[in-house]
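Working notes, beginning with the structure itself.
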Amino acid sequence: MRRARDKADGRLQSADQSLRDLDDDRLLTTQKREFERLLPERLGLTFEQFTRAVLLAQSEFAAFLKADDNERSDLLERLTGTAEYSAISRAAYRRASEARKGVETLEAKLADDLPAEAEARAALEQQAETARQALADLQQQQARLDDRQRWHDTDTRLREALIEGQRQHKDAEADWQALADARADRQWRRLILPQRHRLERQAALPDEIATLDARHHETLKALEAAEATHHQASQTHAEAEQALTTAQEARRQAEPALREAREQAQQLAGIEQQLKRDEATRAERQRQGTELDSQYRNARATHDERRRQRDAWQATLAQLMGDHQHLEDARQAAQQLLDRAARRRLALDELTSRWQQVSHAAEAHRRLTEQRHDDERRLASLLEQGQSARRQLDEKHSHYISVAAVIERSRAVRSESVAMLREGLQENEPCPVCGGLDHPWRHQPPPTPEAAQLAAQQQEEDRQLSEAQEERDRAQQQRDHLVGEYRALEAALKQRQQDARAAEQQLDEARQALHEHPLHAELAAIDETRRDAWLAEQRADSETRRAHHQQVLDDLTRAETELAPLDKALQQDELVLARLGTQQEALDKELAELAERLPPLQAQRDDLARRLQARLGEHASPDAWQQHLDNRQAQAHQARDTALSQLHDARQEVQRLTQQRDHERQRLDALLRERDSLDGELAEWRRAHPELDDATLARLLDQSDDEVKRQEQQLDAAERTLQQADAALAERRQALLAHRRDQALGTDDATDEDDTPLLGDSIETRIRERRAALASEREALAPALEAAQQHRDETQHALRDDDRKRARQQQGQAELETARAEYRRWGRISELIGSADGKTFRRIAQAYNLEQLLEHANAHLTGLSRRYCLVRGGSELGLLVVDRDMGDERRSVHSLSGGETFLVSLALALGLASMASGELTIESLFIDEGFGSLDPESLALAMEALDGLQALGRRVGVISHVQEMHERIPVQIHVAPIGNGTSHARLVSG
1 MRRARDKADG RLQSADQSLR DLDDDRLLTT QKREFERLLP ERLGLTFEQF TRAVLLAQSE
61 FAAFLKADDN ERSDLLERLT GTAEYSAISR AAYRRASEAR KGVETLEAKL ADDLPAEAEA
121 RAALEQQAET ARQALADLQQ QQARLDDRQR WHDTDTRLRE ALIEGQRQHK DAEADWQALA
181 DARADRQWRR LILPQRHRLE RQAALPDEIA TLDARHHETL KALEAAEATH HQASQTHAEA
241 EQALTTAQEA RRQAEPALRE AREQAQQLAG IEQQLKRDEA TRAERQRQGT ELDSQYRNAR
301 ATHDERRRQR DAWQATLAQL MGDHQHLEDA RQAAQQLLDR AARRRLALDE LTSRWQQVSH
361 AAEAHRRLTE QRHDDERRLA SLLEQGQSAR RQLDEKHSHY ISVAAVIERS RAVRSESVAM
421 LREGLQENEP CPVCGGLDHP WRHQPPPTPE AAQLAAQQQE EDRQLSEAQE ERDRAQQQRD
481 HLVGEYRALE AALKQRQQDA RAAEQQLDEA RQALHEHPLH AELAAIDETR RDAWLAEQRA
541 DSETRRAHHQ QVLDDLTRAE TELAPLDKAL QQDELVLARL GTQQEALDKE LAELAERLPP
601 LQAQRDDLAR RLQARLGEHA SPDAWQQHLD NRQAQAHQAR DTALSQLHDA RQEVQRLTQQ
661 RDHERQRLDA LLRERDSLDG ELAEWRRAHP ELDDATLARL LDQSDDEVKR QEQQLDAAER
721 TLQQADAALA ERRQALLAHR RDQALGTDDA TDEDDTPLLG DSIETRIRER RAALASEREA
781 LAPALEAAQQ HRDETQHALR DDDRKRARQQ QGQAELETAR AEYRRWGRIS ELIGSADGKT
841 FRRIAQAYNL EQLLEHANAH LTGLSRRYCL VRGGSELGLL VVDRDMGDER RSVHSLSGGE
901 TFLVSLALAL GLASMASGEL TIESLFIDEG FGSLDPESLA LAMEALDGLQ ALGRRVGVIS
961 HVQEMHERIP VQIHVAPIGN GTSHARLVSG
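With full-length UniProt numbering, the residue at position 12 of the sequence shown is 12, and numbering never jumps.
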């Protein structure tokens with residue numbers, strides 16, 4: 001374990017685990033998962049098994065010896081790490097219960113989903129076949145009607161298509177006639193097409209000539225302006241050359257004065273840098289002096305505070321030591337008082353535990369006695385109730401027998417009299433009752449009012465018999481319930497009597513253990529009603545004394561711990577104060593030297609600054625003066641270059657405009673010649689086509705390509721539409737005629753060459769009449785067809801539902817057999833080890849573990865003390881000790897003395913370690929406490945046992961505050977707190 005950032009006030013971090021090979025001094029791992037994997041590989045034990053094998057649970061086994069069966073079971077489970085057996089027992093019980101519930105669920109599910117019997121199944125199949133055949137007949141009739149309806153639907157569709165074709169043909173013809181002007185324009189465009197480019201060129205030439213002539217006049221004006229600009233640029237260039245010469249001469253004349261000013265500026269900068277360094281040094285030394293003064297005052301205050309703390313701790317230590325001359329004597333005295341108080345506290349804890357065991361045992365015995373008396377009274381009450389229920393059952397049974405006998409006799413008399421009279425009737429002989437000669441109801445008598453009355457009487461007799469039977473059954477159930485409750489209570493009473501005897505034995509043992517306690521005499525002097533309060537007061541007083549002695553011991557250690565570093569710190573403080581004084585003297589000397597050196601440097605800097613300012617004049621520095629001269633010369637260069645560039649641009653512009661003027665003149669002459677040639681050629685073409693007027697020609701030439709293309713597409717589309725309408729109309733007329741030609745429509749005018757009468761009004765009227773008759777037939781057939789369809793679906797659904805039930809029954813039976821097999825398997829397991837609280841298998845496993853533990857413990861107990869041996873007895877998990885010195889007498893473990901109890905518990909702890917380690921040899925053992933409550937004789941016996949373990953080669957570690965053990969153990973590890981949550985461990989060898 002460690003704290004965060006390794007600080008005393010840091011939060012506790014998660015535990016770290018590491019594994020090291022001591023033979024090779026090699027660290028194997030520091031990771032928890034790797035640790036859990038490697039430890040079983042190296043030792044053959046898990047970490048939990050290793051701790052149980054090395055850290056002896058001696059104190060827990062002391063409680064294990066004194067516990068009852070239930071507490072011993074819990075302790076044994078925790079000590080041996082066998083909690084999984086309880087979980088297995090509960091799991092087996094739970095799985096058996098779940099399997100039983102699964103079987104019950106499947107049985108209930110199958111009982112609620114039974115299929116039809118064989119006769120009912122045959123009836124369902126017959127009904128389904130009859131319904132299917134009836135539906136098939138109606139469906140055939142419906143198919144014939146559908147064929148007729150499809151013919152009429154097709155006829156209607158073809159007739160409507162013919163009408164639509166006639167309309168489309170008419171619209172296409174009208175669109176074609178409306179495009180007559182467009183067809184004329186197409187003819188003119190085809191005539192104009194060879195001359196179109198000449199006509200367009202003739203129309204474009206006047207505008208092109210006018211545009212070129214205007215641009216030529218603008219070029220002449222621009223040429224005059226460019227020549228003027230060229231003259232002005234020549235003058236500007238000459239002036240810029242003169243200004244550049246003047247600036248270069250001024251720069252050359254100022255060079256000597258500029259060099260002298262730059263030297264003075266460099267001297268001034270050096271002096272100012274020296275002044276800045278000296279002033280910065282003086283400021284730094286002054287700051288250091290202030291800081292040293294503060295450090296000196298703080299060191300002096302710390303020194304005084306530590307001296308005060310040292311004096312206080314010396315006074316505290318003297319007060320704590322009291323009459324003792326040496327610190328070690330005072331510490332040993334405080335330790336003895338602390339050990340005495342701790343032993344007193346442990347004895348009081350043991351006394352409290354034994355007194356509580358007596359109280360609990362007495363309370364348990366009293367509670368069991370009261371419960372036994374209550375059960376005896378309730379048993380007597382149940383006996384009386386059972387006898388009364390038995391008498392009532394006998395009465396109800398007698399009443400039922402009587403009613404049944406009376407009804408049986410009455411029915412026998414009625415049946416015999418009627419049957420005998422009917423059998424005595426003879427043919428052609430008079431009836432003894434009515435005198436008639438014919439006997440029509442001799443063999444099959446009709447229902448009569450007397451028969452109905454007889455049936456009602458028989459029904460009333462059945463009701464009386466049923467009521468008598470129900471009363472008898474209720475009395476039987478009441479009697480059986482009371483018998484079961486009586487037997488259960490009788491068994492519970494026997495168990496309570498056994499529990500009461502066991503509780504009485506536990507009470508006697510607890511009282512005996514209490515009498516054997518060393519402090520029993522003090523407790524016996526206190527009234528029983530005040531013993532709990534007295535024990536609490538004594539424990540609180542003992543704890544107060546122990547805490548006081550512990551505080552004294554802690555204060556001694558702390559005082560010793562605090563004084564040593566304080567003395568060392570005081571010596572260190574004196575050295576620090578001397579060092580700070582020496583540093584302050586050196587700083588004062590350096591500050592005085594700086595104060596003498598600064599004034600002459602400041603006067604020299606001021607004189608040099610005045611002379612430099614007089615030479616520079618209006619300029620801020622030599623660099624600024626030189627920059628001014630350089631800028632003036634650069635500006636003159638730039639002005640000269642700009643003027644030269646403008647002169648060059650003006651010369652190029654004059655040349656360009658001259659060339660443009662000549663080119664435009666040549667182009668204008670060529671266009672005039674082209675215009676005259678086109679006018680002559682086109683005039684001759686127009687004379688050849690006088691019907692083409694100027695307006696039509698202009699309109700056609702103005703048409704755009706898109707407009708021409710659109711008009712052509714419109715003409716082509718109208719032509720195609722007209723052709724398609726003609727073809728579609730003929731096709732639709734032929735389709736309608738072909739459709740009607742195969743039907744006997746009753747017309748005599750139609751021939752193979754001319755089917756036109758089939759499209760007449762009389763045929764249309766006859767077709768409408770047939771369509772109406774067909775609709776009536778379909779309307780009349782629809783309800784019958786729907787009813788037949790529904791009846792067929794219902795019978796099919798009943799068959800499919802029965803099929804599903806049969807399939808579910810088959811599957812459910814297989815699942816039920818599987819579930820029953822699972823229930824039988826888990827039921828057998830649960831009978832062996834299962835229980836709701838997990839005790840059954842846990843007790844079996846713990847009995848085995850207890851046998852193994854006792855076997856290992858007795859092997860170790862023989863080495864510690866040959867007198868005793870542990871065996872099971874008294875109860876399922878009970879323990880007895882065999883005293884070989886007393887003729888192998890068996891007695892309770894509560895009769896052992898304190899030292900004997902320690903030996904037995906130590907043997908049990910060693911036995912548990914042997915069980916946990918298996919075949920691995922464990923040479924090191926650790927025992928935590930358990931010695932403070934032993935008397936001197938028992939402590940000596942325990943030490944002899946530990947010496948015996950050491951003599952056998954075991955390395956035994958004991959964690960204890962008992963002073964007598966400190967004196968007998970040669971090698972010790974002392975742990976002492978040093979403050980701030982930390983401790984110091986040191987090895988002490990005797």
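By construction, the Cβ of each residue, glycine as well, lies at the ideal position given by its N, Cα and C atoms. Keep in mind it's a predicted model, so treat the numbers as computed, not measured.
Next on the checklist: Which residue wins for smallest C-alpha separation from residue 734, given the options 90, 165, 84?
Outcome noted: Residue 734 sits at position 734 when you count from the first residue of the sequence shown. The residue with the shortest Cα to Cα distance from residue 734 is 165.
Checklist entry - On the three-state DSSP scale, how would you describe residue 519? => result Counting from one through the sequence shown, the residue named residue 519 turns up at place 519. Note: residue 519 maps to coil in three-state DSSP.
Item to check | Inside the segment 75-151 only - alpha helix (DSSP H) runs reaching at least 4 residues | outcome: 83-111, all fully within the segment 75-151.
Next on the checklist: With the cut-off set at 8 Å, would you say residue 479 and residue 390 are in Cβ contact?
Outcome noted: Walking along the sequence shown from the start, residue 479 turns up at place 479. Walking along the sequence shown from the start, residue 390 turns up at place 390. At a Cβ-Cβ threshold of 8 Å, residue 479 and residue 390 count as neighbours.
Item to check | Buried/exposed call for residue 474, threshold 16 Cβ in 10 Å | outcome: Position 474 of the sequence shown, counted from the first residue, corresponds to residue 474. Residue 474 should be labelled exposed.
Item to check | For residue 957, three-class secondary structure by DSSP | outcome: For the purposes of this step, residue 957 is identified with residue 957 of the sequence shown, where counting begins at 1. Correct three-state label for residue 957: strand.
Checklist entry - Quick one: is residue 689 buried, meaning 16 or more other Cβ sit within 10 Å of its Cβ, or exposed? => result If you number the sequence shown from 1, residue 689 lands on position 689. The residue is exposed, with fewer than 16 neighbouring Cβ atoms inside 10 Å.
Checklist entry - In this structure, does DSSP put residue 877 in helix, strand or coil? => result Here residue 877 refers to the residue found at position 877 when the sequence shown is read from its first residue. In the structure shown, residue 877 sits in coil (DSSP, three-state: anything other than H, G, I, E or B).
Item to check | Residue from 907, 720, 894, 265 whose Cα sits closest to the Cα of residue 175 | outcome: Stepping through the sequence shown from its first residue, residue 175 is reached at position 175. Of the listed residues, the one whose Cα sits closest to residue 175 is 720.
Checklist entry - Rounded to whole angstroms, how far is the Cβ of residue 915 from the Cβ of residue 852, which I believe are closer than 8 Å? => result Here residue 915 refers to the residue found at position 915 when the sequence shown is read from its first residue. Here residue 852 refers to the residue found at position 852 when the sequence shown is read from its first residue. That belief holds up - the Cβ atoms of residue 915 and residue 852 are roughly 6 Å apart, short of 8 Å.
Item to check | Residue closest to residue 100, alpha-carbon to alpha-carbon, out of 500, 762, 820, 944 | outcome: Residue numbering aside, residue 100 sits at position 100 when the sequence shown is read from its first letter. The shortest C-alpha separation from residue 100 is found at 820.
Next on the checklist: Measuring alpha carbon to alpha carbon, tell me which residue in 105, 97, 345, 227 is nearest residue 537.
Outcome noted: Counting from one through the sequence shown, the residue named residue 537 turns up at place 537. It is 345.
Next on the checklist: Can you tell me whether residue 713 is buried or exposed? The criterion is at least 16 other CB atoms within 10 Å of its CB, across all chains shown.
Outcome noted: Residue numbering aside, residue 713 sits at position 713 when the sequence shown is read from its first letter. By the neighbour-count rule (16 or more Cβ atoms within 10 Å), residue 713 is not buried but exposed.
Checklist entry - Are the segment 832-848 and the segment 83-103 in contact at 8 Å, needing three or more beta carbon pairs? => result yes
Next on the checklist: For the alpha helix (DSSP H) containing residue 897, name the first residue and the last one.
Outcome noted: If you number the sequence shown from 1, residue 897 lands on position 897. It is not in any alpha helix (DSSP H) - residue 897 carries neither H nor E in the DSSP assignment.
Checklist entry - Does the distance from the C-beta atom of residue 682 to that of residue 191 stay below 8 Å? => result Taking the sequence shown and counting its residues from 1, the one referred to as residue 682 is at position 682. Taking the sequence shown and counting its residues from 1, the one referred to as residue 191 is at position 191. Contact flag unset, no.
Checklist entry - Which word fits residue 401, buried or exposed, when buried means at least 16 other C-beta atoms lie within 10 angstroms of its C-beta? => result Indexing the sequence shown from 1 puts residue 401 at position 401. The residue is exposed, with fewer than 16 neighbouring Cβ atoms inside 10 Å.
Next on the checklist: How far does the alpha helix (DSSP H) with residue 793 in it extend, from its first residue to its last?
Outcome noted: Position 793 of the sequence shown, counting from 1, holds the residue named residue 793. Looking at the DSSP string, the run of the alpha helix (DSSP H) that includes residue 793 is 761-833.
Checklist entry - Rounded to a whole number of angstroms, what is the C-alpha to C-alpha distance between residue 954 and residue 527? => result Reading the sequence shown from its first residue, position 954 is the one you call residue 954. Reading the sequence shown from its first residue, position 527 is the one you call residue 527. C-alpha separation (whole angstroms): 49 Å.
Next on the checklist: Measuring CB atoms only, is the segment 638-652 touching the segment 301-308, in the sense that at least three cross pairs come out at less than 8 Å?
Outcome noted: In the pairwise beta carbon analysis, the segment 638-652 is classified as not touching the segment 301-308: fewer than three pairs are separated by under 8 Å.
Next on the checklist: Going by DSSP in three states, residue 973 sits in which element: helix, strand or coil?
Outcome noted: Your numbering for residue 973 matches position 973 in the sequence shown. Strand at residue 973.
Item to check | Proximity below 8 Å, CB of residue 961 to CB of residue 541 | outcome: Against the sequence shown, residue 961 aligns to sequence position 961. Against the sequence shown, residue 541 aligns to sequence position 541. Against a cut-off of 8 Å, the Cβ pair of residue 541 and residue 961 comes out as no contact.
Checklist entry - Between the beta-carbon of residue 535 and the beta-carbon of residue 355, is there less than 8 Å? => result Walking along the sequence shown from the start, residue 535 turns up at place 535. Walking along the sequence shown from the start, residue 355 turns up at place 355. Taking 8 Å as the Cβ cut-off, residue 535 and residue 355 qualify as a contacting pair.
Item to check | C-alpha gap between residue 795 and residue 139, whole angstroms | outcome: In the sequence shown, the residue the question calls residue 795 occupies position 795. In the sequence shown, the residue the question calls residue 139 occupies position 139. Answer to the nearest angstrom: the Cα atoms are 17 Å apart.
Checklist entry - Per DSSP, what kind of secondary structure is residue 540 in: helix, strand or coil? => result Start at 1 with the first residue of the sequence shown, and residue 540 comes out as number 540. In the three-state scheme derived from DSSP, where H, G and I count as helix and E and B as strand, residue 540 is classed as helix.
Checklist entry - What distance in whole Å lies between the Cβ atoms of residue 334 and residue 545, which are believed to be in contact at a cut-off of 8 Å? => result Your numbering for residue 545 matches position 545 in the sequence shown. Your numbering for residue 334 matches position 334 in the sequence shown. Their Cβ separation, rounded to whole angstroms, is 12 Å, which puts residue 545 and residue 334 out of contact at 8 Å.
Item to check | Buried versus exposed call for residue 361 [16 or more other C-beta atoms within 10 Å across all chains shown] | outcome: By 1-based counting over the sequence shown, the position of residue 361 is 361. It counts as buried.
Next on the checklist: Using the Cβ count rule (16 or more neighbours within 10 Å means buried), how would you classify residue 433?
Outcome noted: If you number the sequence shown from 1, residue 433 lands on position 433. Only weak support is given to the placement of residue 433: the predicted model assigns it a pLDDT of 48, under 50, and the question is left unresolved by the model.
Checklist entry - How do the segment 936-948 and the segment 894-909 stand: do at least 3 beta-carbon pairs fall below 8 Å, yes or no? => result yes
Checklist entry - Rounded to whole angstroms, how far is the Cβ of residue 758 from the Cβ of residue 741, which I believe are closer than 8 Å? => result As a first step, residue 758 must be located in the sequence shown, where it is residue number 758. As a first step, residue 741 must be located in the sequence shown, where it is residue number 741. At roughly 7 Å, the Cβ-Cβ gap stays under 8 Å, so residue 758 and residue 741 are in contact.
Next on the checklist: If I follow the unbroken alpha helix (DSSP H) through residue 281, where does it start and stop?
Outcome noted: Here the question's residue 281 lines up with position 281 in the sequence shown. Looking at the DSSP string, the run of the alpha helix (DSSP H) that includes residue 281 is 255-321.
Checklist entry - Around the Cβ of residue 365, are there at least 16 other Cβ atoms within 10 angstroms (buried) or fewer (exposed)? => result Your numbering for residue 365 matches position 365 in the sequence shown. Counting the other CB atoms within 10 Å of its CB gives residue 365 a total of 16 or more, which places it among the buried residues.
Checklist entry - Do you know whose CA, among 910, 297, 659, 551, lies nearest residue 578's CA? => result Residue mapping note: residue 578 aligns to position 578 of the sequence shown, counting from 1. Ranking the options by Cα distance to residue 578, first place goes to 297.
Item to check | Among 672, 827, 702, 732, nearest to residue 206 - alpha-carbon criterion | outcome: In the sequence shown, residue 206 corresponds to position 206, counting from 1. That would be 672, whose Cα lies nearest to the Cα of residue 206.
Checklist entry - residue 956 and residue 950 look like a contact to me (Cβ under 8 Å); what is the Cβ gap, rounded to whole Å? => result Residue 956 sits at position 956 when you count from the first residue of the sequence shown. Residue 950 sits at position 950 when you count from the first residue of the sequence shown. Yes, they are in contact, since the Cβ atoms of residue 956 and residue 950 sit about 6 Å apart, within 8 Å.
Item to check | Three-pair Cβ contact test at 8 Å for the segment 779-787 versus the segment 148-159 | outcome: Cβ pair count under 8 Å is below three, so no.
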